[in-house]
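Enquirer: After the structure tokens below, expect a handful of questions from me.
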Amino acid sequence: MNRLTMLGWLAIALIAVGSVLGLVVLPADALQGEVQRLLYVHVPVAWVMMLAFFVVFLMSILYLVQRRLKWDLLAVSAAELGVVAAVLTLILGTLWGRPTWGIWWAWDPRITTTALLVPIYTGYLVVRSMAEDPDRRARWAAVIGLIAFVQVPIVYLSVFWWRSLHQPPSSPQSMWSAYGLVMLLGFVAYTLAFAYLWLRRYRLAATELELELSGPEEG
Amino acid sequence: MNDHWLFIGAGYGITWVALCWYLLRLRRRERAVAAASGRGGEGARAGGPG
Amino acid sequence: MSALARRAAAILWKDILSETRTRQGFTAMLSFAALVLFMFSFAIGVDNDLLGRLAGGLLWVAIVFTGTLSLGRTFQNEELAGGTRLLRLYPGDVRAIYLGKLAGNLVVLAALEVVLFPAAAILYGVDFAAQAGPLLLVAALGTFGFSVIGTFFSALTVHLRARELLLPLLLFPALVPVVLASVGATEAFLAGDPLGRATGWLRLLASYDVILFVVCVWIFPVVLEE
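Residue numbers (this note's numbering), protein chains in the order written: chain S, 1 to 219; chain F, 1001 to 1050; chain L, 2001 to 2226.
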């Protein structure tokens, strides 16, 4: 087994352990009841989403500075995972919100901004898929990746002023309880899963680019 | 209280389904690329989890 | 710097000349904007109180929709005449192209708003005139923000297939702060600003305008590179 495959199995094992702990081992939360269990997935997946989009931003900058296609491929790999994580975060959030708040959707800054991230980075992926030339494609994608990262905090701030209702992020004091440890495990597990999928997606993109550049013999 | 388990199950279920879906999609594309480049062994080794 | 301004002005003047020679585009745009205002009334009903309360939001949505259609025409002349290769043939700093096109979009949108604000005032029964000064500031900042982002994304999408669809997809999320702040400030001023929220919105809008303007001007040469 090579290192990447080992990373993948480790991530899956940790996610499995985290799921068992979160679903079966831990007792229900005193305040929120059973539904608290969803947060052990929701919060780490939301973190992965933010991590992924931050990686897109970093890779976009690196591409614009160095103009190596490698950075573009790393960026698009992260963007794809970021969109998946964003959609998953929204689904988990609504599943948690319905029993907790009694409503599926609240016009809360974090929810609304997350929902807006989906079209932003879908636009990124679509623009990238439409350009034929690898360098052009990389350049436009990098520009969108950069602009998106500039606009997102202000989108968040403006929605925040517009309306607010979300429960505050988990506070550090609560992190060292059993719940905190399971949450921490979730963070580690999903971050490793992200790293694994990201690198594997990057390897795929690199092979695809090689094929594309090597000429017309692809079917 | 009981129907909360419906939401919890759906949440965990969807997360696992999403992970598996993404892995399978990756593997399908990897196979396609490996077939196109005529290096069959590469794709099989890249199989990994999922 | 003055060379940059001169080149931008030349591009603006060229576009104004070619636009005024036909004027069909602008007339069609105005009709579209009027239709959007009517559609809102049809959707909401003839409740004058309700329309009056929603006027700020409806007006800005009409501006955004109509403006997006007009943005698609930003690089139309060059595109028809040989694509953006032509743009790169313009001498000097390519940023002049961005600034010139931005100015052009500002002129078009300002002309649109000169008609749209009174039309909304009449149709929805609101008194914009009483708050003319503050509302002018809101309109100026909102329109500037819209044009900054819109001009940039039209340059980015101009050579893409399905750009009519991609432009709004990229543009609308980026416009969220502009729309929220413009609507927030417009509604606050119309209500006499009882909670004092208008200043906060204006500050947010102005900061967003400045930040995006700097980023767009800085990165624009990358968009037009070959």
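For every residue, glycine included, the Cβ atom is placed at its ideal position computed from N, Cα and C.
#1: The alpha helix (DSSP H) that contains Val25 of chain S, what's its start and end?
#2: Counting Cβ pairs closer than 8 Å, one from the stretch 2133-2147 of chain L and one from the stretch 2193-2206 of chain L, do we hit at least three?
#3: Taking the CB atoms as reference points, tell me whether Ala2033 of chain L and Leu2116 of chain L lie closer together than 8 Å.
#4: With 8 Å set as the bound, which would you pick, yes or no: does the beta-carbon of Leu116 of chain S sit closer than that to a beta-carbon of chain L?
#5: Excluding five sequence neighbours on each side, which residues of the same chain lie with their C-beta closer than 6 Å to the C-beta of Thr5 of chain S?
#6: In chain L, what lies closer than 9 Å to Arg139 of chain S by C-beta?
#7: For the putative contact between Ala2139 of chain L and Glu2113 of chain L, defined by C-beta atoms under 8 Å, what is the C-beta separation to the nearest angstrom?
#8: Taking only the alpha-carbon atoms, compute the straight-line gap between Asp135 of chain S and Gly22 of chain S and give it to the nearest angstrom.
#9: Between which residues of its own chain and Leu2106 of chain L is the CB-CB distance below 6 Å, once the five residues before and five after are set aside?
#10: Using the beta-carbon of each residue, which ones in chain L are nearer than 8 Å to Val150 of chain S?
#11: Could you spell out where the alpha helix (DSSP H) holding Leu157 of chain S opens and where it closes?
#12: In three-state DSSP terms, what is Asp2209 of chain L?
#13: Closer than 7 Å by C-beta to Ala138 of chain S: which residues in its own chain qualify, once you throw out the five before and the five after it? Chain order, please.
#14: I need the DSSP call for Asp2047 of chain L, collapsed to helix, strand or coil.
#15: Within its chain, find whatever has a CB closer than 7 Å to the CB of Trp96 of chain S; leave out the 5 residues flanking it on each side and keep chain order.
#16: To the nearest whole angstrom, what separates the beta carbons of Arg224 of chain S and Leu1026 of chain F, a pair I think is in contact under 8 Å?
#17: Using the rule of at least 16 other Cβ atoms within 10 Å of the residue's Cβ for burial, across every protein chain shown, is Arg2088 of chain L buried or exposed?
#18: Rounding to the nearest angstrom, what Cα-Cα distance links Phe2220 of chain L and Ala142 of chain S in this structure?
#19: Please name the residue in L:His2159, L:Arg2073, L:Thr2074, L:Ala2188 whose C-alpha comes closest to that of Trp162 of chain S.
#20: Given this structure, state the Cα-to-Cα distance separating Ala148 of chain S from Asp108 of chain S, to the nearest angstrom.
#21: Can you tell me the Cα-Cα spacing of Ala2185 of chain L and Gly2057 of chain L, whole angstroms?
#22: In this structure, does DSSP put Asp2127 of chain L in helix, strand or coil?
#23: Just how far apart, CA to CA, sit Phe54 of chain S and Thr2074 of chain L?
#24: What residues in the stretch 106-133 of chain S bring their beta carbon closer than 7 Å to a beta carbon of chain F?
#25: Would you identify the three-state DSSP class for Asp2193 of chain L, choosing helix, strand or coil?
#26: Any beta carbon from chain F within less than 8 Å of Leu62 of chain S's own beta carbon?
#27: Could you tell me which residues DSSP puts in a beta bridge with Gly33 of chain S?
#28: Please classify Leu2212 of chain L as buried or exposed, where buried requires at least 16 neighbouring CB atoms within 10 angstroms.
#29: Under three-state DSSP, which class holds Glu2225 of chain L?
#30: Please confirm whether Glu208 of chain S has its beta-carbon closer than 8 Å to some beta-carbon of chain F.
#31: When the Cα atoms are used, what is the spatial distance from Ser1037 of chain F to Glu208 of chain S?
#32: Closer than 8 Å, CB to CB, is Val2094 of chain L near chain S or not?
#33: In its own chain, which residues sit with a C-beta less than 8 Å from the C-beta of Trp1005 of chain F, not counting the 5 before and 5 after it?
#34: From what residue to what residue does the alpha helix (DSSP H) around Asn2077 of chain L run?
#35: Identify the contact partners of Gly1013 of chain F in chain S, using a Cβ-Cβ distance below 7 Å as the criterion.
#36: With a threshold of 16 other CB atoms inside 10 Å of the CB of Gly2196 of chain L, please say whether the residue is buried or exposed.
Expert: The answer reads as follows:
#1: The sequence position of residue 25 of chain S within the first sequence is 25, counting from 1. First-last for Val25 of chain S: undefined, no H or E at that position.
#2: yes
#3: Stepping through the third sequence from its first residue, residue 2033 of chain L is reached at position 33. Stepping through the third sequence from its first residue, residue 2116 of chain L is reached at position 116. Yes, the pair counts as a contact, with Cβ atoms nearer than the cut-off.
#4: Position 116 of the first sequence, counting from 1, holds the residue named residue 116 of chain S. Yes, its Cβ sits closer than 8 Å to a Cβ of chain L.
#5: Your numbering for residue 5 of chain S matches position 5 in the first sequence. Excluding residues within five positions, none has a Cβ falling inside 6 Å.
#6: What you label residue 139 of chain S is simply residue 139 of the first sequence in a count that begins at 1. Near Arg139 of chain S (Cβ distances below 9 Å), the residues of chain L are Val2222, Val2223, Glu2225.
#7: Here residue 2139 of chain L refers to the residue found at position 139 when the third sequence is read from its first residue. Here residue 2113 of chain L refers to the residue found at position 113 when the third sequence is read from its first residue. With 8 Å as the limit, Ala2139 of chain L and Glu2113 of chain L qualify as a contact, their Cβ atoms being about 6 Å apart.
#8: In the first sequence, counting from the first residue as 1, residue 135 of chain S sits at position 135. In the first sequence, counting from the first residue as 1, residue 22 of chain S sits at position 22. Each residue's Cα considered, the two are about 45 Å apart.
#9: Reading the third sequence from its first residue, position 106 is the one you call residue 2106 of chain L. If we look at Leu2106 of chain L and ignore the five residues flanking it on each side, its Cβ neighbours are Ser2147.
#10: As a working note, residue 150 of chain S is residue 150 in the first sequence. Per Cβ cutoff of 8 Å: Ile2211, Leu2212, Val2215.
#11: Translated into positions along the first sequence, residue 157 of chain S becomes position 157. Start and end: 134-162.
#12: Within the third sequence, numbered from 1, the residue matching residue 2209 of chain L stands at position 209. Reduced to three states, the DSSP call for Asp2209 of chain L is helix.
#13: One-based indexing of the first sequence puts residue 138 of chain S at position 138. Within the same chain, Ala138 of chain S has close Cβ partners Tyr63, Leu69, Asp72.
#14: To locate residue 2047 of chain L, count along the third sequence from 1; it is residue 47. Coil, per DSSP.
#15: As a working mapping, residue 96 of chain S is identified with position 96 in the first sequence. Closer than 7 Å at Cβ, skipping near neighbours: Val35, Leu38, Leu39, His42.
#16: Outside the shown range of chain S, which is 1 to 219, sits residue 224 of chain S, and nothing can be said about it.
#17: The count along the third sequence starts at 1 and reaches residue 2088 of chain L at position 88. Exposed.
#18: Translated into positions along the third sequence, residue 2220 of chain L becomes position 220. Translated into positions along the first sequence, residue 142 of chain S becomes position 142. Approximately 12 Å, taken between the alpha carbons.
#19: Start at 1 with the first residue of the first sequence, and residue 162 of chain S comes out as number 162. The option with the nearest alpha carbon to Trp162 of chain S is L:Ala2188.
#20: Against the first sequence, residue 148 of chain S aligns to sequence position 148. Against the first sequence, residue 108 of chain S aligns to sequence position 108. Each residue's Cα considered, the two are about 20 Å apart.
#21: Position 185 of the third sequence holds residue 2185 of chain L. Position 57 of the third sequence holds residue 2057 of chain L. Each residue's Cα considered, the two are about 10 Å apart.
#22: Translated into the one-based positions of the third sequence, residue 2127 of chain L becomes position 127. Reduced to three states, the DSSP call for Asp2127 of chain L is coil.
#23: Within the first sequence, the letter at position 54 stands for residue 54 of chain S. Within the third sequence, the letter at position 74 stands for residue 2074 of chain L. Near 32 Å, if we compare the C-alpha coordinates of Thr2074 of chain L and Phe54 of chain S.
#24: none
#25: Your numbering for residue 2193 of chain L matches position 193 in the third sequence. In this structure, Asp2193 of chain L counts as coil in the three-state DSSP scheme.
#26: As a working mapping, residue 62 of chain S is identified with position 62 in the first sequence. Not closer than 8 Å to any Cβ of chain F, the Cβ of Leu62 of chain S fails to qualify, so no.
#27: As a position in the first sequence, residue 33 of chain S is number 33, starting the count at 1. The partner list for Gly33 of chain S (beta bridge, DSSP) reads S:Asp29.
#28: The residue labelled residue 2212 of chain L in the question sits at position 212 within the third sequence. Buried, by the Cβ-count rule.
#29: Locating residue 2225 of chain L in the third sequence gives position 225, where the first residue counts as 1. If DSSP states are grouped into helix, strand and coil, Glu2225 of chain L belongs with coil.
#30: Translated into the one-based positions of the first sequence, residue 208 of chain S becomes position 208. For Glu208 of chain S, the answer is yes, since a Cβ of chain F falls inside 8 Å of its Cβ.
#31: One-based indexing of the second sequence puts residue 1037 of chain F at position 37. One-based indexing of the first sequence puts residue 208 of chain S at position 208. Cα to Cα, the separation comes out at about 9 Å.
#32: Locating residue 2094 of chain L in the third sequence gives position 94, where the first residue counts as 1. No, no contact with chain S.
#33: As a position in the second sequence, residue 1005 of chain F is number 5, starting the count at 1. For Trp1005 of chain F, where only same-chain residues beyond five positions count, there are no Cβ hits under 8 Å.
#34: By 1-based counting over the third sequence, the position of residue 2077 of chain L is 77. Its alpha helix (DSSP H) spans residues 2076-2080.
#35: Position 13 of the second sequence holds residue 1013 of chain F. Under the 7 Å cutoff, chain S gives no residues; its nearest Cβ is about 10 Å from Gly1013 of chain F.
#36: Numbered from 1 along the third sequence, position 196 holds the residue referred to as residue 2196 of chain L. Label assigned to Gly2196 of chain L: exposed.
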